[in-house]
Structures are given as structure tokens and as C-alpha cells.
Amino acid sequence: GNWGRLAAQQSLTQDQLLDFDTYGNVTLIHVTDIHGQLKPIWFREPEINIGMGEYRGQVPHITGADFRRAYGIEDQSRSHYALTYDDFQALGQAYGKMGGLDRVATVVNQIRAARPDALLLDGGDTWHGSYTCYQTQGQDMVNAMNKLRPDAMTFHWEFTLGSDRVREIVGDLPFAALGANVFDAEWDEPAEDFAPFKMFETGGVKVAVIGQAFPYMPIANPGWMFPEYSFGIREERMQAVVDEVRTAGAELVVCLSHNGFDVDKKMASRVDGIDVILSGHTHDALPEPALVGETIIVASGSNGKFVSRVDLDVRDGRMMGFRHKLIPIFSDVIAPDADMAASIDAERAPFANQLGEVIGTVADDTLLYRRGNFNGSWDDLICQALIEERDADISLSPGVRWGPSLMPGENITREDIWNVTSMTYGKAYRTEMTGEFIHTVMEDVADNLCNADPYYQQGGDMVRVGGMGYRIEVDQPIGSRITDMTLLSTGEAIDPAKSYQVAGWASVNPDTEGPQIWDVVESYIARQGTVSVPPNTSVSVVSG
Amino acid sequence: MVDTATPRVRVPRDATAGEIIEIKTLISHDMESGQRRNGDGDLIPRSIINRFTCDFNGQNVIDVAMEPAISTNPFFEFMAIVPESGTFVFTWYDDDGDVYTDSKDITVT
Amino acid sequence: AGASVAALLPVASSAQEAVDAIIAEFTGGAEMGAEGLTLTTPEIAENGNTVPVEVDAPGAASILVLASGNPTPKVATFTFGPMAGAQFASTRIRLAGTQDVVAIAKMQDGSFVRASREVKVTIGGCGG
Ligand SMILES: [Mn+2]
Ligand SMILES: [Mn+2]
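Chains as they are written, first to last, in our numbering: chain A, 2 to 545; chain B, 26 to 134; chain C, 101 to 228.
See the structure below:
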């Protein structure tokens, strides 16, 4: 059927992929949420991405065929594969893995060939998410990114290296470490370690790049790891900094943001004077910028899968027009940059034996992925590992959006396990919780996803649950969304008064005890040999 | 609390006559709310700073009545007008009768 | 998500009477306007034990701050003296769960103004 057409489309060349009619006088290059991924990967986009309130049905909250219709993307095309979830296995075989920082380097170099003073801006979540990143406390990513020569970056997971390590790295960075919303927690003043903005002169234009770090850092991640800092959206502060850079002569104001897409949309509607928001955190990849008032919002995906190029025509202190391309990093089409490839291999070489060890195999009936609002198959696997290895009734796994996919039939290496579990607070706890408390936790997390006001969302997904089914009505108020909680092993309703053994990981509490989650998952996969994950039918989602 | 209640204050060293300046204060104090229980399940008695004042050359800037809902290590930020050179005096009143003070001079030009 | 200890959900309206009584004591039952008092709080508290709260009411004699969902709602009363440069104050407060923080300013002319902001206190979770 489609295979002939797929084969024909594979003849895409690097030149065709990177073709861009250079425009205006300023070029921005945006990468974000790389999560430690130096090598090409599989990465399946979400099937379920619910928008709340006025954001429902708006990008990025459309998926699959609806997404393709919205952007005029042909079924079975390369863009179908890169940007939507369905037919992932077949399209993956045709179009290959995506990403790899050596391919990203080729793209960046080619853009710089056309526009030597293009600004390369990294939205953060860079120094996190892999075996080598964990073992080197982020140094592998710092070294690789330094070769890419960004002009500025902002932050989220970086802070989970601990504030001492962050300051150690930031002190040596050959580019700007930005965060207008990073404050000293004690005196409530802008933190001295992070500049609010940097002014660049490019194409004869004064460009201000303002950083906005992840606002909910001490809530979504362990605040005890960086107690000196306070974050928050700080709308008034953003307006004050925009006004300051305009007064200082900025003709183009760019916000390098880790707010998440809906927060960026709301912020754009309430802060005047931002021309471009380069959006990160929620991992959305959009073929066109979203427009809010006179602000364009660019979303560049995650895990090294995409690079955004934005050319702008700035005249008389105004953005007169733009040209944009979301460049998918097809690893079989884009030649790796030899210099970067050699550096990446050198970073990985000391860990080669550990990385490559095969722990098990993905069953032919199973695609391992995460990224939707609710459990993906990787999450189900982790939850099942927690139940069996930690002898629990119920398991909880964080609703994160990072972590590559694995195809049916593939080997599972240690690196693959670390790619979906690596973090500095990965201990797998085991504790008793009453049914009532489990409900409270579920309601609390659900509100962080489902609150109709994006400023009250944290930009994550629903906690993944093993051993327990439930029904969620996303449009209900907090306290009334989660019903029908059922213990899957017995089919009985969860009793609010009864205690259950709950295993989980990624607790934000400092005193968490237990084995590391990657060891739990490795042990489980090794015992299974071949891992098959049945479709998850235990979460019933009601919306609209 | 005498040993641990250490005040810290940020006041500009100088200002122009009539300028409105920003003042920030912190004092290390547990602010025991009286609602927490110890390991035996008994209520830990309330022990807080219940009042904070700032005066400039004998005239009041701000007077705060504080309840147990004020966080550990109470922080205040407020504004003062400085018509002349002089001294800010900061005073914290503890439940246990202790009074902690700090002062800062400012030169008006 | 995780096994955080403090479960913090909106507090039921049982404390409403206590809040009303404190307000009545402060205002003497007078009507309250809605303009002229700016109350600034974070949307989501980074830590429910230390939530920044800022009040600003030009022309106020004093400002009362309440945490409507705390077991003891009264938080602080700021009284401004002749050397106050603005009727502005900022502090950090404890919130026992998601709730409305309420501020009431008594103006120098004897009138009252009220402002309220919801602050979400969450167990926390994870994200992108
Ligand atoms: Mn993030
Ligand atoms: Mn991310």
C-alpha cells in the first residue's frame, strides 16, 4: 500500500530539508528540552493532549489526524511521522530515527553559513535525562552544547543538579545564563547568578533576549536542592524588564522561555512589547508560530528532534515580518557534523560498556513510549516494575514528557532505561497510603494538569498509576475529578479508610529511601527477558 | 530565643531629601505557631514575635501586629520617606518578653 | 507527584464565620469598596509555609491581612506612621492549603477597601 510512496519520499535530501529563503536582517535558532539526548532516537508525539478552558482545541492541544488537518500535513508523510503519533512503527521504519546533536550541529552550521550572526538560543532542560548526563553531573551536555556555541540559555531540570553544581557550570559558561524570574529567596531580589536579559547587536539590529526559567521549579522538582532561589511567573517583573530593554534601545525583544506553551500564550496576552517567545517545557512541536496579539510564539519540540529557524525583518524598532521553519532532524537525511560526532563519542566512550549492555527485548506487540497526558507504555512498564520489584499494591510514576520511544522487537539497553528514568532524585520509595490520601494526591496532580487557568498549571501530565484504575472528569473542579478508583488485582473499589502499599519514585522529599528507579526497572526487565505491555484500559478520561 | 533571633536590615546608606526609600528586614525566629504537635502528640506552645516596628528619628514608619501565620524568619519590606539625615530604629517584640533591636543611619544630601 | 506528607486541598467554608468576625471587628461593619488596594500573591505557592504577600493601598491608615482558610485566619495588621513612604508592605505567610488571601485597607478618610486573591498550595508534581 503506502510502502512504495514512502520509499519514494525517502529520497529527500539534506539540501531540500534545510532549504530556506533567507529573509530580513535577524535570524533566531531555537533548540529546547534536549534532555541529554546526544544520539538519534525514536520519539513518538502524544496521542492525548487535552487543553483546558479556552485553550481546548487550540494548538498544541490537537493530535493525530486533527493536527495533520490543521497544518495541511499529508497522511503517511515525513511530517506525519515527525509531528503526530499514529502509524509510528511503520513510519519509523521508513523515515528512521530523529535527532542527534551532531545532526543539530550540521543544521546550525548551515544556518550560520547563510546568516553568520544568527542567534542560537537554548530553552533549557538540557543538562538532564541520560546515563552519561547523570554520571557526569551534566558535563557531557555542557561540553557538547559549548561546541554548538549558543548565545544564551535558560533553565529547568538543570537546577536538579543542585544549586552548587549549577553555579559551578554557569560560572564557566561562554554564553549568557538568563532568568529574569530567578530570585534570591531570602531577600526577594533578582538572583545575581542569572542575568535577566542580554542585549545583542545582530544584522544592525539591537536584539534583547530575556530569559524566563521554569516558574514552578520548587513545586515540580525538589526545592531543597536549590533553596536559595525562588521562581514564579512574575508577570510584572517581565513587563518591567521588557520596558527596561526597550528604553535601552532594543528593537526586537525575544523571550527565551521555559514557561510551557499555554503559560506563554497567557503571558503574551498580558505583557506588552515582546515580539517573539521561544517556548519550551511542554515539548510541543509546531510547524507554524502561534500568534497572540503582536507576539509570535515558537515551539520547537524536545529530545533533539527539531530545530526552529526564525528569520525576522526588523526596521525602525519594529518587527515588520517573519519567516519560520520547524526543521525536523531526520538522522538519515542530515549528515552528522564530524567534529561534533567525534566529541559526542568521546563523551560516551568511558561509559560504553555500561550504556550498551542489553537488559531485555521489547515484545513484537509492544511500542514503548510516553508523552501523553496519561500513562504511556513506558510508564506502564515502570509502574509494573515498581509493583513487582517492590511488592506493592499500587504504584505511582511522575507525569514527565521526556524520554525516547523504543520500537517493537528492539533490544532494551541500560541506556534506554536511563533515558526514561534518569534524575538526581530517582529513589523508589515504598510507603503506606490510605485510599483517601491516594485520592487527595490524584486530585492535586489532576488540578495541576486540568486547571482552566494556565498560570495554575505546572505544565506536566497526570501522575501515572499502576495497580489501580480510575475515572477522571477533567472539567470538574478540584476534589471532584477523580472517581471509580479500583484496585486492579481484586477489582474492588479503593476504600478511603484502608491502607495500601504504594511504591513510587521521584518524590520531592529530601529523606526518600529506596533503590534507584533505574535499578528497579532493570531488574524487572532482566527477569522478564521479553517485555510485553498490554494496552492500558484502566484510566477512563472524560472531557468536554 | 535570644541566642537565635538575629536581625538583618537593608537600608540605603544615603538618599536625597524627601526621597522615598525601600527597607527590607529579616529576623531569624522559629515563629512556633502553637498548632504543631511534637513526637508525643502534644501541642508545642506558641512562641512568636508578635509585633514589629520601624521608627525614623523618633517618628513611626510602620507598626505591624503579627500573628502565628507569619512565616519562620519574619521578613518585611516597606517604604519610608527621609526628609533629613537620621537613624532608623527597628524593634521586634517576642512573646517571651524579649525585645530585639537594630538601627541604621542614613545620610541625606 | 510523590509521597509528600501534607495533603492540601481547599478548606471548607467552616472558617467563614471566623473570617467575617475578624473583618467586622476591623471595619465595624462598614461597607467595603473594591478599588484602591492591590494585593499581590503568587498563583501557586512554591512552599505553603512561606508564601510572599504584598499589599499596596495609597492613602491607607492600616491594612489587615487574612488567610481565609487557615485555622486561625488573622495574619497581620500593618499600621502606617507619618514617615511611611507608601502604604505598602510585603511579608511571607503560612497557608494551610489552597485558599483566598484577603486584605482590607482602612483609608485615612475612614472608608474601607477589600481585595482577595486565591493562592494554590499543592503537593507538587513533575513535568516537562
Ligand atoms: Mn521543563
Ligand atoms: Mn523538558
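Note that the Cβ used here is the ideal one computed from N, Cα and C, for glycine as well.
The structure displayed is predicted, hence computed values, not measured ones.
Check your understanding: Which ranges would you report for the beta strand (DSSP E) in the segment 179-232 of chain A if only whole runs of at least 3 residues count?
Key -> 198-203, 206-213
Check your understanding: Rounded to whole angstroms, how far is the Cβ of A/Val-277 from the Cβ of A/Ala-209, which I believe are closer than 8 Å?
Key -> The Cβ separation is near 11 Å, so there is no contact.
Review point. Of all Cβ atoms in chain C, is any one closer than 8 Å to the Cβ of B/Val-27?
Key: Here the model assigns B/Val-27 a pLDDT of 46, short of 50, so the residue's position is not dependable, and the following value carries that caveat. Not closer than 8 Å to any Cβ of chain C, the Cβ of B/Val-27 fails to qualify, so no.
Check your understanding: Closer than 8 Å, CB to CB, is C/Pro-182 near chain B or not?
Key -> yes
Review point. Are the C-beta atoms of A/Asn-3 and some chain C residue less than 8 Å apart?
Key: Annotation note: pLDDT 44 at A/Asn-3 (below 50); position unreliable, coordinate value reported separately. No, A/Asn-3 does not count as interfacial toward chain C.
**Study point:** A/Phe-215 CB to nearest heavy atom of ligand 1 below 7 Å
**Key:** yes
Check your understanding: What residues in its chain sit with their C-beta under 6 Å from that of A/Arg-402, if we drop five residues either side in the sequence?
Key -> His-284, Arg-372
Check your understanding: Can a CB atom of chain A be found closer than 8 Å to the CB of B/Lys-129?
Key -> no
Exercise for review: Put A/Tyr-525 into one of helix, strand or coil per three-state DSSP.
Suggested key: helix
Check your understanding: Roughly how many angstroms lie between the CA atoms of A/Asp-16 and A/Lys-428, to the nearest whole one?
Key -> 46 Å
Check your understanding: So which residues on chain A does C/Asn-147 lean against when the C-beta distance must stay under 7 Å?
Key -> Pro-219, Gly-224
Exercise for review: Kindly identify the DSSP beta-bridge partner or partners of A/Arg-431.
Suggested key: A/Ala-504
Practice item. Go ahead and pull the three-state DSSP assignment for A/Gly-97. Key: coil
Practice item. Less than 8 Å between the CB atoms is what I'm expecting for C/Pro-152 and C/Arg-192, so what's the real figure, rounded? Key: 5 Å
Check your understanding: DSSP beta-bridge partners for A/Phe-262?
Key -> Paired residue(s): none; A/Phe-262 is not in a bridge.
Review point. Rounded to a whole number of angstroms, what is the C-alpha to C-alpha distance between A/Ile-518 and A/Trp-506?
Key: 7 Å
Practice item. Please confirm whether C/Thr-138 and C/Ala-215 have their CB atoms less than 8 Å apart. Key: yes
Exercise for review: Give the range of the alpha helix (DSSP H) segment to which A/Gln-459 is assigned.
Suggested key: From DSSP, A/Gln-459 is part of no alpha helix (DSSP H); its letter is neither H nor E.
Point to revise | A/Leu-19 (DSSP reduced to helix, strand or coil) | key: helix
Check your understanding: For the alpha helix (DSSP H) that contains A/Glu-437, what are its first and last residues?
Key -> 436-451
**Study point:** Host beta strand (DSSP E) of A/Gln-517 (start-end)
**Key:** Careful: A/Gln-517 lies outside any beta strand (DSSP E) and carries neither H nor E.
Check your understanding: Which residues in chain B sit within 8 Å of A/Trp-448, going by Cβ to Cβ distance?
Key -> The identity of residue 448 of chain A in the sequence shown is Asp, whereas the question assumes Trp. Those within 8 Å of A/Asp-448 in chain B number zero; the least Cβ separation is about 23 Å.
Practice item. Could you run through the segment 127-146 of chain C and flag, in chain order, every residue whose CB is less than 7 Å away from some CB of chain A? Key: Pro-142, Glu-143, Ile-144, Glu-146
Review point. Looking only at DSSP bridge pairs, what is C/Ile-190 linked to?
Key: The identity of residue 190 of chain C in the sequence shown is Ser, whereas the question assumes Ile. Answer by DSSP bridge pairing, in chain order: B/Glu-102, C/Glu-154.
Practice item. Kindly say whether C/Thr-191, judged by its beta-carbon, lies nearer than 8 Å to any beta-carbon of chain A. Key: no
**Study point:** Coarse secondary structure for A/Met-341, derived from DSSP in three states
**Key:** helix
Point to revise | From A/Leu-313, A/Pro-329, A/Phe-176, A/Lys-40, residue whose alpha carbon lies closest to that of A/Gly-322 | key: A/Leu-313
Check your understanding: Along chain A, which residues have their Cβ under 9 Å away from the Cβ of C/Pro-158?
Key -> The contacting residues do not exist; C/Pro-158 stays about 17 Å from chain A at best.
Exercise for review: Measure the CB-CB distance between A/Thr-435 and A/Ala-498 and report whether it falls below 8 Å.
Suggested key: yes
Review point. Mind listing, in chain order, the residues whose beta carbon lies closer than 7 Å to a non-hydrogen atom of ligand 2?
Key: A/Asp-34, A/His-36, A/Asp-126, A/His-157, A/Trp-158, A/Gly-281, A/His-282, A/His-284, A/Ser-303, A/Arg-402, A/Trp-403, C/Gly-228
Practice item. Just the C-alpha distance for C/Pro-173 and C/Ala-130, rounded to the nearest angstrom, thanks. Key: 20 Å
Exercise for review: With a threshold of 7 Å, establish whether the CB of A/His-31 neighbours any heavy atom of ligand 1.
Suggested key: no
Practice item. Quick one: grab the DSSP three-state call for C/Gly-102. Key: Because C/Gly-102 carries a pLDDT of 38, less than 50, the predicted location of this residue cannot be relied on, and no value is offered for it.
Practice item. Specify the secondary structure class of A/Val-401 as computed by DSSP and reduced to three states. Key: coil
Practice item. Could you tell me whether any non-hydrogen atom of ligand 4 is closer than 7 Å to the CB of A/His-325? Key: Absence of ligand 4 from the depicted structure is noted, with ligand 1 and ligand 2 being the only ligands included.
Point to revise | Touch test, the segment 205-214 of chain C against the segment 198-214 of chain A, Cβ-Cβ under 8 Å, three pairs minimum | key: no
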